[in-house]
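According to the working numbering, the stretch in the sequence shown is residues 2 to 664, in order. No residue lacks a Cβ here, since even glycine has one placed at the ideal position from N, Cα and C. For clarity, every value in this text was computed on a predicted model and none was experimentally measured. Below you'll find the structure, written out as structure tokens, and then a few comments.
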Amino acid sequence: MRKLGWGLGLLLSGGLIGLLTMPGWLPGLIHRQAQHWAEETHHRLVIGSLEVGVFPFRVHAHAVRLYEADGQTLVVGCEDLDGRLALYSALRPIPVIDELILTHPVVHLIRSPAGEWNLARLAGPSSGGGFPLLVKKVRILRGEGSVWDQGNGLRHDIRNLQFELPRLSFQNRDTWLFPSLHAELDGASIALVARIRPFSSRLEGEGDLSVRGFDLMRVLAPWVPPWSVSPGVLTTHFAFWGSDWGALQGELSGLHWTTDQVLWRGAGLEGVQLSAQVKKLAWPASFPLSLTLRVGAQGQIQMAGPVDSTTRTVHLTVHAQHLDLRPFQPWLTSYAQVRLEHGQLSSEGVLDGTFSAQRPWQGRYRGQVRADGLVVREGRRGRLLWRSKTLLAQGEATSSPLRLTLDQVAFGDFYARLHLLPDATLNWENLLNPLPVSPKFAGSPPPREAAVRPKGSSVAAQAASVVIRKVTLRGGTIHYRDDYVHPSYETDLTGLGGEIDGLSSAEDTTARLDLRGRVRGAPLLIEGQINPLAQNLFLDMTARVAGMDLAQFSPYSGKYMGYDIERGKLSFEAHYSVKNHDLQATNHLVLNELTFGKPVASPGITHFPVALAVSLLQDPQGRIIMDLPIAGSLDDPRFSVGGVLARTLVQTLEKAVESLFVR
């Protein structure tokens, strides 16, 4: 018993001596183990100072820096590291820390183009046991860092990181870690709760992520067109797995994202509340995507189909309904001074596309788009410009380069207002915003190549192509007002319907035109060949009217003849040809019971006996049959078809009167 007592006494004495001398020998042990671990992982470790206290058991390290093998590239750093050692730590072969607090640590994560993360090497050689340390609780205060993906060039900044980990061990590679954190990532606030096995031979993990102020376009910018959204809120459950950090697979489930503003080319789309729901999103192999976007109060867009991240392709069915078009007003204002008063959009089709960081999004959409209750007004005066009950387009559109191929476009119950202004320009033309002038051309004439291009053209625009195989019109009304003459002239083309086949922006193509309607009760037929989409307008068209009331032309007759038209009927067949901006036309007119009224005071008009001229021109049946040619350049802003007709008619009447005296 005495020997046993002596043994216990020596053991306790040795333990007490070891405990009391711990501040002297433990820092060296920790430093040597840490340096050995750094050498195994091919890093350089620098520790400014390392202290160990006994009562309480405490380790404090200051200015800790872990560099790459070059000794210059910082991987991990920490201003202060405080660890509270367990009471029994000196009796175990590895240090045991009850709590480890890192104040203002700095971490720089880098992903190589091959997909390898720089921190993946910190686990040490695959055959080794890793750094011999057990930490029961880890806390990080005021952390910061960066993430750089060299594959796509994206960089992310981390600020104000608050992190907790209940247990950390570098010795057992299969140990699960349960981290939670709050931080600011690129200005967004993120919260994460997860469980991961970062050092196992099979990497895996899962958790819940919430991001407030999430900038979606920062991630999608290399692959999508120039639209953007204000930072929103994103929540999701995630999972990942793989043999190493460079070959991870994963999925997002229950993903939900909302934002309160959408921008297109810098213009805000007013009144949009955008929400997206994704049931499951997996990578890197092909996976089914199911996405729901809620736009505004009633609008909804659903997209579903496979996404292959290996080939970077998507094939999605698209179904949209009740999309309010009014929020797109700011975008529309950048092109024209018009106001979109009402309209709802719906669409059904298939979207195929490819995405890559090296080239812009390339997509093709095939399906149909429908706009209901479309109402457009002039932006300055608010007068009605266009109204249609239905507008349906069916076909496909592709990007890069832009191509639009429509199998069918249909207008139903529509109204349009055409206004010829006093300066001989149309109202639609004046509503377009002027295109910006390049600074290098400001104050000097543009080069000859630019001068010959049509207004608004560009290399990109010239590369675009438009094909509309068939346009169907039904129940249309066009209100026409002419302020080029005085007094003004107004009329309505009603019941407009028919078809236009084969529209194309190609220069060597023409479309067949077949339209029917009524003008002031008189039937109207328009048929021929046109090409309004080409840079040079082409027109070869014939119009026929039977029994039109001539009294509506009193403004013209008063201006050019000095007499109102009291009554009369007009039937005519007109053939118009436009090529290279030159107009050639013939008008075969038949006037029945033409009767002029009293003279009209009009400056510059010399009155002559029109009644006599009419009687000379009439045949035994009381008809006047004449052919009136028209020729002129559409580039002449003072050219007016109506004016030419009226002047030609005056000249015909004058010749009829002159012929009486010549005889």
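Self-check item: Other residues of its chain near F539: CB distance less than 7 Å, five sequence neighbours each side excluded
Solution: T511, I531, N532, V579 and K580
Practice problem: Use the C-beta contact count for R112: other C-beta atoms within 10 angstroms, 16 or more gives buried, fewer gives exposed. | Solution: buried
Practice problem: Starting from P331, follow the alpha helix (DSSP H) in both directions and report where the run begins and ends. | Solution: Q330 to T334
Quiz item: Since D502 and R470 are thought to touch, with beta carbons under 8 Å apart, how far apart are those beta carbons, to the nearest angstrom?
Solution: 7 Å
Self-check item: alpha helix (DSSP H) runs wholly inside the stretch 540–583, at least 4 long, in chain order
Solution: 555–561
Quiz item: Can you give the Cα-Cα distance for R521 and A394, rounded to whole angstroms?
Solution: 31 Å
Quiz item: Just reading off the beta strand (DSSP E) that A614 is part of, what are its end residues?
Solution: Element bounds for A614: not the beta strand (DSSP E) but the alpha helix (DSSP H), V611 to L618.
Quiz item: Can you name, in chain order, every residue of its own chain whose Cβ lies under 7 Å from the Cβ of G188, other than the five neighbours on each side?
Solution: G214
Quiz item: What whole-angstrom Cβ distance do D484 and L421 have, given they're in contact under 8 Å?
Solution: 6 Å
Practice problem: May I have the straight-line CA-CA distance separating L405 from T587, to the nearest angstrom? | Solution: 36 Å
Practice problem: Helix, strand or coil for A507, going by three-state DSSP, please let me know. | Solution: coil
Quiz item: Taking S558 as the reference, which of G518, L584 and K599 has the closest Cα?
Solution: K599
Quiz item: With distances taken from CA atoms, which of Q553, Y577, I566 and A535 is nearest D541?
Solution: Y577
Quiz item: Of the residues Y416, R140 and S310, which one's Cα is nearest the Cα of G374?
Solution: Y416
Exercise. Would you mind sorting Y336 into buried or exposed? The rule is 16 or more other CB atoms within 10 Å of its CB.
Key: exposed
Exercise. Any chance you could list the alpha helix (DSSP H) runs of at least 4 consecutive residues sitting entirely within the stretch 359–441, in chain order?
Key: 428–431
Self-check item: P167: first and last residue of the uninterrupted beta strand (DSSP E) it sits in
Solution: Per DSSP, P167 belongs to no beta strand (DSSP E) and is neither H nor E.
Quiz item: If you run the structure through DSSP and keep just helix, strand and coil, what is Q36?
Solution: helix
Quiz prompt | Among I191, W387 and G396, the one whose alpha carbon lies nearest that of N428 | solution = W387
Quiz item: So, using beta-carbon positions, are L529 and L497 closer together than 8 Å?
Solution: The displayed chain sequence assigns Gly, not Leu, to residue 529. No.
Quiz item: Excluding sequence positions up to five away, which residues of its chain have a Cβ less than 6 Å from the Cβ of A452?
Solution: Bear in mind that a pLDDT of 35 at A452, under 50, signals an unreliable position, so the number given afterwards is only what the model happens to contain. Excluding positions up to five away in sequence, the list is empty.
Exercise. Just the C-alpha distance for V308 and L166, rounded to the nearest angstrom, thanks.
Key: 35 Å
Quiz item: In whole angstroms, what is the alpha-carbon distance linking L504 and L290?
Solution: 37 Å
Quiz item: Can the beta-carbon of V680 be found less than 8 Å from the beta-carbon of L584?
Solution: Residue 680 cannot be examined here, being either before or after the span of the chain that is shown, 2 to 664.
Self-check item: Residues bridged to F241 [DSSP beta-bridge criterion]
Solution: G206 and G251
Quiz prompt | Close-in-space but distant-in-sequence residues of the same chain around D158 (CB under 7 Å, 5 per side omitted) | solution = S147 and D187
Quiz item: For K182, which residues of its own chain have a beta-carbon under 6 Å away from its beta-carbon, when the five flanking residues on both sides are left out?
Solution: The sequence as given places Leu at residue 182; Lys does not occur at that position. Here the set comprises F164 and L193.
Exercise. Decide if N434 is buried, meaning its Cβ has at least 16 other Cβ atoms within 10 Å, or exposed.
Key: exposed
Exercise. Could you give the DSSP three-state label for A121: helix, strand or coil?
Key: helix
Exercise. Kindly examine the ligand FAD and report whether one of its heavy atoms sits closer than 7 Å to the Cβ of L352.
Key: Looking at this structure, you won't find the ligand FAD or any other ligand, since it has none at all.
Self-check item: For P28, three-class secondary structure by DSSP
Solution: helix
Quiz item: With which residues is L193 paired in a DSSP beta bridge?
Solution: L182 and L210
Quiz item: Would you say G78 and V60 are within 8 Å of each other, going by their C-beta atoms?
Solution: no
Self-check item: Beta-carbon proximity of L346 to A305, cut-off 8 Å
Solution: no
Practice problem: May I have the straight-line CA-CA distance separating R168 from L204, to the nearest angstrom? | Solution: 18 Å
Quiz item: Enumerated in chain order, which unbroken segments of the beta strand (DSSP E) with a length of 3 residues or greater are wholly contained in the stretch 279–332?
Solution: 287–296, 300–309 and 314–325
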